[in-house]
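A short write-up of the structure that comes next.
Rendered as structure tokens:
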């Protein structure tokens, strides 16, 4: 009888330790995913902060079509709101990516005009902002890869046994990856409005 009681107590301790260890592991991995998402947001925020400066520079140097500048400004606001929604848990990464694709097209339309306006192309502020945007795009790519790597580790623990049992019990669910959105495989076209 004593042996069975000790065995039961040992089993309960083992299950309790497994639950505690799994829960703490999930919390650490989830915090890692959230931290990497914050890094992605930081890089996109940098991009969003550069865009108004670029628009102002272009507007100041070139006789520019107002609708192009408006399209860039509206696309930036939409992408920013989509990013906030993902961070708050009310939006999807797919919607965020779609809004950034629209922003990319609008930016390409604006940047394409540098060929048409030599004084814009020669403007140092414009060149500096273009270089900063290019660097930011590279940082975004790195941040997205790190985010996906972190999500992969987290999702693996959520799906593997015995973690899958504890994940379901404690409410930890798989997280969404950054993936290519439909149409992103085609290079955007730049129309110089001949």
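Residue numbers (our numbering): 55 to 248.
The C-beta atom is built at its ideal place from N, Cα and C for all residues, glycine as well.
1) Tell me the DSSP secondary structure of residue 216 in three-state form.
2) Kindly indicate which residue of 229, 217, 233 has the alpha-carbon position closest to the one of residue 77.
3) Could you pull out every residue in the same chain whose Cβ sits closer than 6 Å to the Cβ of residue 108, ignoring the five residues on either side in sequence?
4) Please name the residue, chosen from 140, 233, 167, 58, that lies closest to residue 206 on a Cα-to-Cα basis.
5) Assuming contact is defined by CB atoms lying nearer than 8 Å, are residue 136 and residue 153 in contact in what I supplied?
6) Please report how far the alpha carbon of residue 64 lies from the alpha carbon of residue 200, in whole angstroms.
7) Output the residue ranges of the alpha helix (DSSP H) runs that lie fully inside the segment 145 to 203 and measure 4 residues or longer, sorted by chain position.
8) Could you please give the first and the last residue of the uninterrupted alpha helix (DSSP H) stretch that includes residue 137?
9) Between the alpha carbons of residue 204 and residue 222, how many angstroms are there, rounded?
10) What residue does the alpha helix (DSSP H) around residue 84 start on, and which one ends it?
11) Is residue 198 buried or exposed, if buried means 16 or more other CB atoms sit within 10 Å of its CB?
12) Are the CB atoms of residue 104 and residue 186 within a distance shorter than 8 Å?
13) My assumption, with CB atoms under 8 Å, is that residue 84 sits in contact with residue 208. Please give the rounded CB distance.
14) Could you tell me how far apart the beta carbons of residue 122 and residue 177 are, in whole angstroms, since I believe they sit closer than 8 Å?
15) Within this structure, are the beta carbons of residue 130 and residue 190 separated by less than 8 Å?
16) Could you have a look at residue 226 and say whether DSSP puts it in helix, strand or coil?
17) Please report the distance separating the alpha-carbon of residue 226 from that of residue 89.
18) What would DSSP say about residue 208, mapped onto helix, strand or coil?
19) Between the Cα of residue 72 and the Cα atoms of 142, 215, 231, which residue gives the shortest distance?
20) Would you mind working out which of 60, 219, 91 sits nearest residue 141, comparing C-alpha positions?
Walking through what the data contain:
1) coil
2) 217
3) 183
4) 233
5) yes
6) 40 Å
7) 147 to 165, 172 to 176
8) 120 to 142
9) 20 Å
10) 56 to 115
11) buried
12) yes
13) 6 Å
14) About 17 Å; that fails the 8 Å criterion.
15) no
16) coil
17) 17 Å
18) helix
19) 215
20) 91
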